[in-house]
Amino acid sequence: MSELLEIQNLSSGYNGKDVLQDISLSVGKGEVLGIIGQNGSGKSTLLKTIARIITDNAGNVFFAGVELNNKNTWDLKQLGLSWFVQGGMVFPTMKVSEHFEFTLKGKSKSESAHIKENCISFFPALASCMDKRGGNLSGGQRQMLSFAMLLSQKTQCWLLDEPTAGLAPEAVKDAVDFLNKMKEQENKTMILVEHNYQVAFELADKIAVIKDGKIYNSFQKTEFLKENFLNKHLYN
Ligand code: ADP
16 MSELLEIQNL SSGYNGKDVL QDISLSVGKG EVLGIIGQNG SGKSTLLKTI
66 ARIITDNAGN VFFAGVELNN KNTWDLKQLG LSWFVQGGMV FPTMKVSEHF
116 EFTLKGKSKS ESAHIKENCI SFFPALASCM DKRGGNLSGG QRQMLSFAML
166 LSQKTQCWLL DEPTAGLAPE AVKDAVDFLN KMKEQENKTM ILVEHNYQVA
216 FELADKIAVI KDGKIYNSFQ KTEFLKENFL NKHLYN
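Just so you know, my numbering puts 186 at position 171 of the sequence shown, and the rest follows in order with no gaps.
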């Protein structure tokens with residue numbers, strides 16, 4: 016598997032103070048890397064640094080061989096990298112239809128129609144709420160719209176910050192099914208930050224554990240599916 020995303024000796028943080036220290040990781044094309052660790056350990060900071068939301072960093076991130084240090088978030092989308100922000104991608108005052116218009120801006124009419132149709136084929140229930148505003152959607156509908164917005168970007172690599180946070184168990188299952196489908200059918204590459212270990216273990220090919228801004232440990236799927244893995248490696 017060739018490496019699509021390479022993170023080399025990355026350090027970053029806020030107001031001149033490092034939160035992440037010397038992180039090196041790589042993700043192959045079509046691979047899912049799960050990132051787990053306690054609250055405040057630096058997981059979101061890692062995704063925000065890759066996504067160029069935080070730009071005060073040392074070290075390098077390469078995506079498809081391109082160095083990202085001088086890129087902005089728009090460049091990243093063009094290169095094929097999307098960031099799924101914690102809490103989803105829904106604007107409370109915008110109608111569902113306007114979310115599609117916004118995200119498909121600049122594309123031709125026929126391409127927009129094709130992408131929208133593809134999104135609706137994954138989330139048919141969205142078709143009947145086109146006139147609803149984001150703030151009036153149920154949790155499940157918000158999740159569908161968030162994933163539809165992500166899908167509509169047609170990027171090959173997704174940085175997912177807690178995509179199941181705050182969802183009811185049934186919606187968590189739907190999210191896992193959708194992401195599994197994206198992995199199996201569309202060969203999407205993902206870095207998945209998850210507080211729900213079960214979700215991370217189900218989707219990831221490998222796991223990195225972050226503690227106090229550093230890589231504490233990393234595991235391949237064969238290891239973390241073993242019995243008593245959690246007790247042995249994460250809870251002490
Ligand atoms: P996690 O995603 O693992 O819960 P975060 O990456 O959100 O952790 O946070 C790591 C550390 O960075 C925490 O100590 C947190 O308080 C701090 N932090 C997060 N966001 C900011 C910010 N905008 N400004 C200053 N410190 C922040």
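Using N, Cα and C, we set each Cβ at its ideal position, and we do this for glycine too. If you're wondering where the values come from, they're calculated on a predicted model, not measured in any experiment.
- Within 10 angstroms of the beta-carbon of W89 lie fewer than 16 other beta-carbons, which makes it exposed.
- L25 is not a Cβ neighbour of I222, given a cutoff of 9 Å.
- In the three-state DSSP reduction, K58 falls in the helix class (H, G or I).
- The closest CA to that of Y29, considering only R67, D71, K203, is found on D71.
- Counting only runs of 4 or more residues that sit fully inside the region 41-90, the alpha helix (DSSP H) segments are 58-65, in chain order.
- When secondary structure is reduced to three states using DSSP, K229 falls in the strand class.
- Taking all protein chains in view, the Cβ of A163 is crowded by 16 or more other Cβ atoms within 10 Å, so the residue is classified as buried.
- Counting only runs of at least 3 residues, the region 180-220 fully encloses the following beta strand (DSSP E) elements, listed from N- to C-terminal order: 204-208.
- Just so you know, the alpha carbons of E116 and E126 end up roughly 12 Å apart.
- Taking 8 Å as the cut-off, one finds at least one heavy atom of the ligand ADP near enough to the beta carbon of Q53.
- Cβ atoms of L182 and G149 stay farther apart than 8 Å, at about 16 Å.
- Taken through DSSP and simplified to helix, strand or coil, N24 comes out as strand.
- Assignment of K247 by DSSP, reduced to helix, strand and coil, places it in the helix class.
- Within the chosen limit of 8 Å, the ligand ADP reaches the beta carbon of G28 through at least one heavy atom.
- The beta carbon of T170 lies closer than 7 Å to those of K92, G95, L96, S97 in the same chain, with the five residues before and after it left out.
- Under the 10 Å beta carbon count, L245 is surrounded by fewer than 16 other beta carbons and is classified as exposed.
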